[in-house]
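Number of protein chains: 2
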Amino acid sequence: MKPKIKKHVDRIHAIAGGHERFNPTDTAKSLVKLRGYDVGLFFSNLSKLTHQHLGEVLLELPADAFAAAAERLPPHRLARAAEAIESDEATDLIQDIRQADATLAEKILSLMAHEERREVLELSKFEEDQAGAYMEREFLAAHPDDTVGDVKTLIRLFRQNEPAAPIIKLFVTNDEGLLLGTLHFTDLILFDDATTIEEILQRGDRKAPLSIRPASPIADVVRLFEEYDLNIIAVVNSEGKLIGRIVYDDIYDMIRQIETDQAYGLAGVDDEAEESSVSRAAHQRLIWLLFNLVAIMAASAVINLFDATIASYIALAALLPIIAALGGNAGMQALTVTIRKIALGEIEYDGVSAAVKREALIVLANGLSIAVVAALIVSLWFGDIRLGAIVAGALLLNLLVAGTAGTLIPLGLHRLGIDPAVASSIFLTTTTDVFGFFIFLFLAQTFLL
Amino acid sequence: MKPKIKKHVDRIHAIAGGHERFNPTDTAKSLVKLRGYDVGLFFSNLSKLTHQHLGEVLLELPADAFAAAAERLPPHRLARAAEAIESDEATDLIQDIRQADATLAEKILSLMAHEERREVLELSKFEEDQAGAYMEREFLAAHPDDTVGDVKTLIRLFRQNEPAAPIIKLFVTNDEGLLLGTLHFTDLILFDDATTIEEILQRGDRKAPLSIRPASPIADVVRLFEEYDLNIIAVVNSEGKLIGRIVYDDIYDMIRQIETDQAYGLAGVDDEAEESSVSRAAHQRLIWLLFNLVAIMAASAVINLFDATIASYIALAALLPIIAALGGNAGMQALTVTIRKIALGEIEYDGVSAAVKREALIVLANGLSIAVVAALIVSLWFGDIRLGAIVAGALLLNLLVAGTAGTLIPLGLHRLGIDPAVASSIFLTTTTDVFGFFIFLFLAQTFLL
Numbered sequence: 001m002k003p004k005i006k007k008h009v010d011r012i013h014a015i016a017g018g019h020e021r022f023n024p025t026d027t028a029k030s031l032v033k034l035r036g037y038d039v040g041l042f043f044s045n046l047s048k049l050t051h052q053h054l055g056e057v058l059l060e061l062p063a064d065a066f067a068a069a070a071e072r073l074p075p076h077r078l079a080r081a082a083e084a085i086e087s088d089e090a091t092d093l094i095q096d097i098r099q100a101d102a103t104l105a106e107k108i109l110s111l112m113a114h115e116e117r118r119e120v121l122e123l124s125k126f127e128e129d130q131a132g133a134y135m136e137r138e139f140l141a142a143h144p145d146d147t148v149g150d151v152k153t154l155i156r157l158f159r160q161n162e163p164a165a166p167i168i169k170l171f172v173t174n175d176e177g178l179l180l181g182t183l184h185f186t187d188l189i190l191f192d193d194a195t196t197i198e199e200i201l202q203r204g205d206r207k208a209p210l211s212i213r214p215a216s217p218i219a220d221v222v223r224l225f226e227e228y229d230l231n232i233i234a235v236v237n238s239e240g241k242l243i244g245r246i247v248y249d250d251i252y253d254m255i256r257q258i259e260t261d262q263a264y265g266l267a268g269v270d271d272e273a274e275e276s277s278v279s280r281a282a283h284q285r286l287i288w289l290l291f292n293l294v295a296i297m298a299a300s301a302v303i304n305l306f307d308a309t310i311a312s313y314i315a316l317a318a319l320l321p322i323i324a325a326l327g328g329n330a331g332m333q334a335l336t337v338t339i340r341k342i343a344l345g346e347i348e349y350d351g352v353s354a355a356v357k358r359e360a361l362i363v364l365a366n367g368l369s370i371a372v373v374a375a376l377i378v379s380l381w382f383g384d385i386r387l388g389a390i391v392a393g394a395l396l397l398n399l400l401v402a403g404t405a406g407t408l409i410p411l412g413l414h415r416l417g418i419d420p421a422v423a424s425s426i427f428l429t430t431t432t433d434v435f436g437f438f439i440f441l442f443l444a445q446t447f448l449l
Numbered sequence: 001m002k003p004k005i006k007k008h009v010d011r012i013h014a015i016a017g018g019h020e021r022f023n024p025t026d027t028a029k030s031l032v033k034l035r036g037y038d039v040g041l042f043f044s045n046l047s048k049l050t051h052q053h054l055g056e057v058l059l060e061l062p063a064d065a066f067a068a069a070a071e072r073l074p075p076h077r078l079a080r081a082a083e084a085i086e087s088d089e090a091t092d093l094i095q096d097i098r099q100a101d102a103t104l105a106e107k108i109l110s111l112m113a114h115e116e117r118r119e120v121l122e123l124s125k126f127e128e129d130q131a132g133a134y135m136e137r138e139f140l141a142a143h144p145d146d147t148v149g150d151v152k153t154l155i156r157l158f159r160q161n162e163p164a165a166p167i168i169k170l171f172v173t174n175d176e177g178l179l180l181g182t183l184h185f186t187d188l189i190l191f192d193d194a195t196t197i198e199e200i201l202q203r204g205d206r207k208a209p210l211s212i213r214p215a216s217p218i219a220d221v222v223r224l225f226e227e228y229d230l231n232i233i234a235v236v237n238s239e240g241k242l243i244g245r246i247v248y249d250d251i252y253d254m255i256r257q258i259e260t261d262q263a264y265g266l267a268g269v270d271d272e273a274e275e276s277s278v279s280r281a282a283h284q285r286l287i288w289l290l291f292n293l294v295a296i297m298a299a300s301a302v303i304n305l306f307d308a309t310i311a312s313y314i315a316l317a318a319l320l321p322i323i324a325a326l327g328g329n330a331g332m333q334a335l336t337v338t339i340r341k342i343a344l345g346e347i348e349y350d351g352v353s354a355a356v357k358r359e360a361l362i363v364l365a366n367g368l369s370i371a372v373v374a375a376l377i378v379s380l381w382f383g384d385i386r387l388g389a390i391v392a393g394a395l396l397l398n399l400l401v402a403g404t405a406g407t408l409i410p411l412g413l414h415r416l417g418i419d420p421a422v423a424s425s426i427f428l429t430t431t432t433d434v435f436g437f438f439i440f441l442f443l444a445q446t447f448l449l
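Put into C-alpha cells, the structure is as follows:
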C-alpha cells in the first residue's frame with residue numbers, strides 16, 4: 001500500500017479506536033481518497049466506524065460516494081446510524097438517501113426505533129429556509145421543583161441516551177411543558193444539591209426567555225443569535241411548549257446557506273439545483289439565460305433604431321461594449337453594496353436617502369473620472385475629439401443611471417417583499433444597456449453626423 | 001412627544017433599569033431614531049446606559065452618529081466603556097474612534113486602566129483577517145491541582161471582574177500557562193468539591209486540546225469551528241501558552257466577513273473602503289472600473305478589426321450585445337458556483353476534472369438551447385436564416401468558452417494562491433467578450449458576405 005493511502009487507513013483506524021479526535025469532514029475526505037484508490041478499501045473502512053460516526057461521515061460524502069455507500073451498507077446499519085445522530089442530521093440523512101433511492105429511504109425509516117422515526121417524519125415537514133429544518137428534538141429540560149441533585153441525574157441520563165447531542169444550557173419547563181427559563185451550567189454549579197431550580201431562577205434575571213417557532217425563517221433566527229450573541233435557543237410550538245432547540249453550529253450552517261443563496265441569486269443559479277443532477281442544474285440555469293436573452297433583445301432593438309447612424313459612422317459599433325461594460329460594472333458595485341446593506345439590516349439605520357445620496361456621489365465622482373480617461377483614449381484612437389466627447393457624455397450619464405438603478409432596484413424589490421438578490425441584476429443590466437446605448441447613439445446622431 | 005418616539009425612550013429606560021433584555025443592535029436603532037427626531041434626546045438617552053451597554057451600543061451605531069457620540073461624551077466615560085466590554089470589542093471601539101479622531105483615541109487609551117490598555121494595544125496589531133483581531137483576552141483557566149471547589153471560587157471572581165464575558169468552557173493550564181485541556185461545565189457538575197481537575201481530565205478523552213495561533217487566517221478558524229462543531233477555542237502563542245479565546249459569536253462575525261469579502265470581491269468593491277468615506281470608496285471602486293475600461297478596449301479593438309464587415313451588414317452591430325451578455329451570464333454562473341465550491345472546500349473532494357466536466361456538460365446543454373432560441377428570434381426579426389445560424393454558432397461556441405473559462409479561471413487563480421473572488425470576473429468577461437465578438441464577426445465575414 002502506498003504511504004499516502006496508508007496514512008488515510010491509519011487515520012480511520014485511529015478514529016475507530018477512539019485515539020484520534022473525530023472530524024466528520026476529514027474522515028469523509030480520507031474515505032474519498034481510499035475510494036479513488038480501491039473501492040474495497042472504501043467500504044471496509046466505512047464499516048469500521050461507530051454508528052454515530054458513520055451517520056455524520058455519510059452526510060459529508062460527495063453525492064456519488066454517498067449513493068454508493070447507501071446502496072452497499074446493510075439497511076439496518078443505516079437505520080442505527082440515523083438513530084445515533086441528532087434528529088436534524090438524521091432527517092438530512094434520510095432525505096439524502098431518498099434522493100438516491102426512495103424505496104431504500106422508506107425501508108430504513110421502517111427499521112428505525114419508533115421515537116427516532118417519528119422525529120424524522122416531523123422534521124421532514126420543514127423547508128430548508130425554516131428554523132424547523134435545523135431543530136434538534138434532543139434537549140435537556142428540568143422542572144422548577146427539581147433540585148440541582150436531580151439535574152445531575154438528568155445530565156447522566158441524557159449523556160447515556162444522547163451521546164451525540166452536546167449539553168449547552170438547561171431549559172426549565174413546567175408540568176405542561178411550557179418554557180419558563182434557560183440556565184447556564186455555571187448558574188447551577190454555584191449551588192448545593194438541595195437547591196431547587198425555582199430558587200435559582202428567582203435569583204437570576206426574570207426576563208421572559210427568548211424562543212422561536214419552528215416555521216420562523218432562518219434569517220430571523222440568525223439575526224436573533226447575532227444580536228443577542230446566543231449559542232442556543234429554545235424552539236416552542238404555538239402553545240409555548242418546548243419542542244426542540246437550535247444551537248450555534250446550526251447557525252454556522254444557516255449563515256452559509258443564506259450567503260450561498262445570495263451569491264447564487266445574483267448569478268442566476270440555485271443551490272438545490274446545483275447540488276442535484278447536471279440536467280436539473282442546467283435547466284434552472286437555462287431559465288435565467290432565457291430571461292437575459294429576452295432582456296438583452298431590448299438593447300439590440302435600441303441599437304437597431306440607430307442603424308443609419310452606425311452605418312455612417314462605423315466606429316460607433318466598436319464603442320458600444322465600452323458603454324455597456326462600464327455602466328454594468330458601476331451598477332453592479334452599487335447593487336452589491338446595497339443588497340449587502342439590506343441583508344445586514346444597515347439600510348434601516350442610515351435610511352434609504354442616505355444610501356442613495358452616497359451612491360450618487362460615488363458614481364458622479366467615478367463617472368467624471370472614467371469619462372475623462374475614456375474621452376482621451378477614444379479621441380487619440382479614432383483621431384476625433386467629437387467622438388471622444390460623445391463617449392464621455394454617454395459614460396457619465398450612464399454611470400449616474402447605473403449607480404441610481406443599482407441602489408433603487410434592490411431597495412424597491414425589498415420593499416415589495418421580493419428577495420433583491422434574485423432578480424436585481426437582470427433589471428440592472430437591462431437598464432444600463434438600454435439607456436447607455438440609447439444616450440450614446442442619440443448623442444452621436446445629434447452631434448456627430 | 002410623539003408615541004413613536006416615546007416608544008424608543010421607554011425602551012432605553014427599560015434597558016437602563018435592567019427591565020428589558022439588552023440587545024445592542026436594537027438599542028442603537030432606537031438611539032438613531034431619537035437622533036433623527038431631536039439630537040438632545042439622543043445624547044441624554046445615550047448617557048443613561050451603563051458603561052458596558054454604552055460600549056456595545058457605540059459599536060453598533062452608524063458612522064455619523066458614532067462620530068457625534070464620541071465627540072460629545074466625556075473621554076473618561078468612553079474609557080470606562082472600553083474597559084467594560086470584551087477586549088476584542090474594546091479594540092474595535094478604539095480603532096473606530098481613531099478613524100474619527102486620532103487624538104481623542106490616544107487620550108481615551110491613556111485614561112484606560114493599565115491592563116485593559118495593554119490588551120487593546122496588543123490586539124490592535126492584528127489584521128482584520130487574522131484570528132487575533134477576534135480574540136478575547138478574558139478567559140477562565142484552572143490548574144490541574146485545583147479542586148472543583150476552587151473552580152467555583154474562580155467562577156465567582158470571574159463573574160465579578162468580567163461581567164461582560166460569558167463563561168463557556170474551563171481551560172486547564174499548568175504552572176507555565178501551557179494549555180493542557182478544555183472542560184465543559186457539565187464535566188464538573190457531576191463531581192464533588194474535593195475532586196481535582198487532574199482527576200476529571202484523566203477520566204475524559206485524553207486527546208490534545210484543539211487550539212489556534214493569533215496569526216491564523218480567520219478562514220482556517222472558521223473551518224475548525226465548522227468541522228468540529230466548536231463553540232470555543234483556545235488561542236495559544238508560539239510556546240503553547242494560553243493567551244486568549246475565540247467564541248461562537250466571533251465565528252458568526254467571521255463567516256459574515258468572509259462572505260462579504262467574497263461578494264464584494266466579485267463586484268470590485270472593498271469592505272473597508274465601503275465603510276469609510278465617500279471619497280475612499282469612490283477611489284477604490286474607480287481602480288476596478290479603470291481595469292475594466294482597459295480590458296473592454298480589447299473587445300472594442302476586435303470589433304474595429306471587422307469594421308468593413310459591419311459596414312456591409314449593419315444588423316451585426318445590433319446583435320453584438322446578445323453575444324456578450326449571454327457569454328458573460330453563462331460564464332458568471334459557472335464562476336460563482338466554482339468560487340463557492342473552492343471556498344467551501346468541495347473541489348478537494350470531487351476533484352478538478354469532475355467540476356470541469358460538470359460545467360462543460362451544463363454549458364453544452366444550455367448553449368444548444370440558447371442557440372436554437374436565439375437563431376429563431378434573429379431569423380424572424382431580420383428575415384435572414386443565415387444571420388440566425390451565425391448567431392447560433394457564435395452563441396454555442398461562446399457559451400462553451402464561458403463555461404470552461406468560468407471554471408478554470410478561479411481554479412487557476414486559487415492554485416496560484418490568489419483569491420479567486422477578487423480577480424476572476426474581469427478575466428472572465430474579457431475572455432467571453434473578446435472571443436465572442438471575434439467568433440461572431442469572423443463567422444459573419446466568412447459565411448454572410
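Read top to bottom, the protein sequences are chains A and B.
Each residue of the first sequence is one higher than the last, beginning at 1 in the UniProt record's numbering.
Each residue of the second sequence is one higher than the last, beginning at 1 in the UniProt record's numbering.
From the three backbone atoms N, C-alpha and C, an ideal C-beta is built for every residue, glycine too.
Short CB-CB distance (under 9 angstroms) between residue i and chain B
| i | result |
| --- | --- |
| Arg245/A | no |
| Met135/A | no |
| Gly17/A | no |
| Thr431/A | no |
| Lys2/A | no |
| Ile418/A | no |
Per-residue DSSP class, three states only, for residue i
| i | result |
| --- | --- |
| Ile303/B | helix |
| Leu73/B | coil |
| Glu60/A | coil |
| Val352/B | helix |
| Thr182/B | strand |
| Phe171/A | strand |
| Thr147/B | strand |
| Ala142/A | strand |
| Thr432/B | helix |
| Glu106/A | helix |
| Glu128/A | coil |
| residue 451/B | Summary: the structure shown does not reach residue 451/B, with chain B confined to residues 1 through 449, and so no result is reported for it. |
Closer than 9 angstroms to chain A by CB, residue i
| i | result |
| --- | --- |
| Lys6/B | no |
| Phe185/B | yes |
| Phe437/B | yes |
| Gln52/B | no |
| Pro321/B | yes |
| Ser124/B | no |
8 angstroms Cβ shell around residue i - same chain, five flanking residues per side excluded
| i | result |
| --- | --- |
| Asp101/B | Ala67, Ala70, Glu71 |
| Ser312/B | Leu449 |
| Leu180/B | Pro144, Val172, Thr173, Asn174, Leu201, Pro209 |
Same chain, Cβ closer than 6 angstroms to residue i, neighbours up to 5 away in sequence not counted
| i | result |
| --- | --- |
| Tyr248/B | Asn231 |
| Leu266/A | Ala421, Ser425 |
Pick from the options that is closest to residue i, judged by C-alpha positions
| i | options | result |
| --- | --- | --- |
| Ala131/B | Pro166/B, Ile218/B, Pro144/B | Ile218/B |
| Asn366/B | Leu293/A, Thr27/A, Phe427/A | Leu293/A |
Residues of its chain near residue i, where Cβ-Cβ distance is below 7 angstroms and the 5 sequence neighbours each way are ignored
| i | result |
| --- | --- |
| Ala79/B | Ile108, Leu111, Met112 |
| Arg280/A | Ala273 |
**Report entry** Complete alpha helix (DSSP H) runs within the UniProt domain "CBS" (205 to 262) of chain B (minimum length 4 residues, chain order)
**Finding:** Listed in chain order, they are 218 to 228.
- [ ] Could you pull out every unbroken beta strand (DSSP E) segment of at least 3 residues lying fully inside the segment 268 to 335 of chain B, listed in chain order?
- [x] Listed in chain order, there is nothing to give.
For this session: For the segment 15 to 39 of chain A, list the alpha helix (DSSP H) runs that are entirely contained and at least 4 residues long, ordered along the chain.
Result: Those alpha helix (DSSP H) runs which fall completely within the segment 15 to 39 of chain A and span 4+ residues are 24 to 37.
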